[in-house]
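Peer 1: Top to bottom, those sequences are chains A and B. Just so it is clear: in the first sequence, position 218 is 218 by the numbering used here, and no numbers are missing. Add 1000 to a position in the second sequence, counting from 1, and you land on the number used in the numbering used here.
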Amino acid sequence: MNVNKLIRDRFFPHIWCPGCGHGTALNALLHAVDELGIDQSSIVMVSGIGCSARMSGYVDFHSMHTLHGRALAFATGVKLTRPELNVFVPMGDGDGLAIGGNHFIHAARRNIDMTAILLNNRIYGMTGGQFSPLSGRGISATTAPYKSIDPDFDTVKLALGAGASFVARSTTFHVKELAGILKKAILHKGFSLVEVLSQCPTYFGRRNKMGDAVKMMQWFRDNTAKIGSNKLEEHPDYLPRGIFRETNAPEYCAEYARMSAGAREDRI
Amino acid sequence: MSSELLFVQGNEACVRGALYAGLQFFAGYPITPSTEVAEHLAEMLPRQGGCFIQMEDEIASMCAIIGASLTGAKSMTATSGPGFSLMQEALGYGMMTEVPCVVVSVQRGGPSTGLPTKVAQSDVNQSRWGVHGDHSVIVLTASSVQDVFSITVEAFNMAETYRTPVILLFDEVVGHMRERLDLPAPGVLPVVDRLRTSVKPGINYHPYLPREDGRLPMSDFGGMHRYNVSGLFHDIWGFPTEQPETVDKLLHHLVDKIENRAGEIARWKEYHLDDAEEMLISYGSSARSARHLVESLHQRGHKVGLLELQTLWPFPAKLVREKTAKAQNVYVVEMNMGHILAEVKKAVRNPDRVYLANRTDGQLIAPADIGKVMRVIEGRGV
């Protein structure tokens, strides 16, 4: 396996903190691309703003580092004009579900063929540790010094409700599982959402006494369980991992092509 | 030479102009008084193999057209006041990343929800200064259905030539009024195609390295050259940088590529200016009333002329200075509190002789409204 050809050396060293989970997620993604043997010139990575969004600079694909929360909207323009391209959209939890929440539900609703990777570290890292809509109640953050009173979204349920045809969750502890899920997500025709629980030891971990990166990853190991597993049955409070939905549903670009062909026939 | 004679609204003329110029992708969100642009394109683009998408809001619309343009498709969106406000951040991204696209804003009364169905020209300054940070922008307008068509073609041409978003700032009256449109046959009006790089595969392509003539050849996303696009200050590779020299150079490039070409970007029309002692300056639907007044006064022997601006930004200051050189009084006719007035005052030799003839109540300014201001200034009473 040689993922080096998929990255831009020129852009390294990356900006992620020691122990950050985002590099692990990128590694899983690059392995997925490599194993699928996808031509890197057929991939467009579109990202927004935040720690996760820096991923687009590190990969040797066509890459767009756009505006906070808007990556899916930019990506929609790319995909609809060039449906044959593989479009990847890494997003952060604040980026994807606070400022970008509207674009998220509508991209899912349209079921436009792209792979959205939501790197959920439950914090705004780039700006120094403010709570996000995925932090949840009782979390300490610089903007929640008395602990957050905001409930959190369940990203998976949100994506399912909005109509995404592929919905999955994994963590940076389960790297091989994650790479496997990403492969399926990339191959899936339709809107794919992969939530990746990622650790931010610098801001989330330290402030919430979660320990270092290793401890945070162990938390993922000890508090999640595969869908359908005995472990999950025994511990229904654990966060389920795996593929929650993988269905064939009308894909937006294909539907557009069909509608457009019909309109052209009408004219004749 | 005409292929078709139509009787259409300004908004449809804009659609026709965009298709003539090669529009391939439109993303938009319904808003009065621009909605007809989206409605016509929803019907016409799919039939022609282009893409139409109704997005979840104006922010997404502006973002989508930038994404589409990077794949090589000529792209446009259309909106009005509140929607135009929402687009400003992504508009700035388009300027920073130098992505050609066209943004139509059909003005209505503001601020806020304002007067959705009434006319105003109060977004002239927003079109220039709505984006944060130092920047420059091309803003074009027109006063007739025929001119809406041709200026729309020009907008696409300028977007490609200067690699920048171009704003078409129309108003409710021009957008909704119906007039004759003499649709030129293909090839009659020049159409500027995307300038693509001749750099071969395997050789380093620098997306942000201007040629000697200042133009930057593009490479389509999905094509042979993989490069980075970022709204951060970036180097010739498109990679983010904070290096002071590179930052300063890029900022000056973004401003200079437009401001230094204000002369070649300027579009205008003039009526009876040669011997004009009294001069009117206007644009958009208010220029129609100004022209009506000028024609009737001229017939009665008054030395009155009109300069109708079609390029609002970069403001054609040199043109205005030259044209106003012999005028005793200059009246700026517009439906706002004096956006272009301020620019004219800065441009002319004698700013004290520049007056505002405006209307800001949602009604189209009438020739009589302008005549009244002129009589008062000239000491002839109302």
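Cβ atoms here follow ideal geometry from the backbone N, Cα and C, with glycine treated the same way.
#1: In the DSSP output, which residue or residues are listed as bridge partners for residue 1052(B)?
#2: May I ask you to list, following chain order, the residues of the region 40–51 of chain A that have a beta carbon less than 8 angstroms from some beta carbon of chain B?
#3: Is residue 1151(B) close to chain A? Criterion is C-beta to C-beta, closer than 9 angstroms.
#4: Go ahead and pull the three-state DSSP assignment for residue 1118(B).
#5: The beta strand (DSSP E) that contains residue 1178(B), what's its start and end?
#6: Taking residue 106(A) as the query, report the chain B residues whose CB atoms sit under 7 angstroms from its CB, ordered along the chain.
#7: Is the shortest distance between the beta-carbon of residue 1083(B) and the beta-carbons of chain A less than 9 angstroms?
#8: Where do the N-terminal and C-terminal ends of the alpha helix (DSSP H) with residue 1137(B) fall, by residue?
#9: I need the straight-line Cα distance from residue 1054(B) to residue 33(A), nearest angstrom please.
#10: Tell me the start and end of each unbroken beta strand (DSSP E) in the region 1056–1098 of chain B that is at least 3 residues and wholly inside, in chain order.
#11: Going by DSSP, what residues sit across from residue 117(A) in a beta bridge?
#12: Any chance you could list the alpha helix (DSSP H) runs of at least 4 consecutive residues sitting entirely within the region 11–78 of chain A, in chain order?
#13: Does the beta carbon of residue 1158(B) sit closer than 9 angstroms to a beta carbon anywhere in chain A?
#14: Would you decide whether residue 217(A) is buried or exposed? Buried here means 16 or more other CB atoms lie within 10 Å of its CB.
#15: Residue 1182(B) and residue 1146(B) - do their beta-carbons sit closer together than 9 angstroms?
#16: Going by DSSP in three states, residue 223(A) sits in which element: helix, strand or coil?
#17: Helix, strand or coil for residue 200(A) per DSSP?
#18: Going by alpha carbons, who is nearest to residue 1101(B) out of 1021(B), 1278(B) and 1376(B)?
#19: Among residues of its own chain, excluding the 5 on either side of residue 1073(B), which ones have a beta-carbon nearer than 7 angstroms to its beta-carbon?
#20: How close, in whole Å, do the beta carbons of residue 1287(B) and residue 1143(B) come, if the pair is a contact with beta carbons under 8 angstroms?
#21: So what does residue 137(A) bridge to, in DSSP terms?
#22: Cβ closer than 9 angstroms: which chain A residues qualify as neighbours of residue 949(B)?
#23: Using alpha carbons as the reference points, say which of 263(A), 170(A) and 57(A) lies closest to residue 155(A).
#24: Would residue 1225(B) be called buried (16 or more neighbouring beta carbons within 10 Å of its own) or exposed?
#25: I want to check one thing, is the minimum distance from the CB of residue 118(A) to the heavy atoms of the ligand NAP below 8 angstroms?
#26: What residues are listed by DSSP as bridge partners for residue 171(A)?
#27: From the DSSP output, read off the bridge partner residues of residue 1279(B).
#28: Give the secondary structure of residue 1373(B) by DSSP, where H, G and I count as helix, E and B as strand, and everything else as coil.
#29: Looking at chain B, is there any beta carbon in it that lies within less than 9 angstroms of the beta carbon of residue 75(A)?
#30: Any beta carbon of chain A sitting closer than 9 angstroms to that of residue 1450(B)?
#31: Anything in the region 70–104 of chain A with a Cβ closer than 7 angstroms to a Cβ of chain B? List those residues in chain order, please.
#32: Kindly list, in the order they appear in chain B, the residues whose Cβ is closer than 9 angstroms to that of residue 217(A).
#33: Tell me which residues share the same chain as residue 198(A) and place their Cβ nearer than 7 angstroms to its Cβ, disregarding the 5 neighbours each side in the sequence.
#34: Going by CA-CA distance only, name the one from 35(A), 9(A) and 181(A) that's closest to residue 56(A).
#35: Which residues does DSSP list as the beta-bridge partners of residue 1198(B)?
#36: Here's a check: name, in chain order, each residue in its chain whose Cβ is nearer than 7 angstroms to the Cβ of residue 1115(B), leaving out the five neighbours to either side.
Peer 2: Walking through what the data contain:
#1: 1026(B)
#2: 40, 41, 42, 44 and 46
#3: no
#4: coil
#5: 1178–1184
#6: 1056
#7: no
#8: Note, residue 1137(B): premise wrong, no alpha helix (DSSP H); not H, not E.
#9: 32 angstroms
#10: 1075–1079
#11: 90(A) and 194(A)
#12: The region 11–78 of chain A contains these whole alpha helix (DSSP H) runs: 22–36 and 55–58.
#13: no
#14: buried
#15: Against a cut-off of 9 angstroms, the Cβ pair of residue 1182(B) and residue 1146(B) comes out as a contact.
#16: helix
#17: coil
#18: 1021(B)
#19: 1024 and 1025
#20: 4 angstroms
#21: In DSSP, residue 137(A) forms no bridge with anything.
#22: No answer is possible for residue 949(B): the residues shown for chain B start at 1001 and end at 1382.
#23: Residue 155(A) has its Cα closest to that of 170(A), out of 263(A), 170(A) and 57(A).
#24: buried
#25: In terms of ligand content, the structure shown is empty, and the ligand NAP therefore cannot be addressed.
#26: 197(A)
#27: 1305(B) and 1330(B)
#28: helix
#29: yes
#30: Past the edges of chain B, shown from 1001 to 1382, lies residue 1450(B), and the structure says nothing about it.
#31: 70, 73, 74, 75, 76, 77, 78, 80, 81, 82, 85, 102 and 103
#32: Residues of chain B passing the Cβ test: none, with the nearest at roughly 29 angstroms.
#33: 21, 22, 25, 119, 120, 121 and 172
#34: 9(A)
#35: In the DSSP secondary-structure assignment, residue 1198(B) is not bridged to any residue.
#36: If the five residues before and after residue 1115(B) are omitted, its C-beta is found closer than 7 angstroms to the C-beta atoms of 1108, 1109 and 1362, all from its own chain and listed in chain order.
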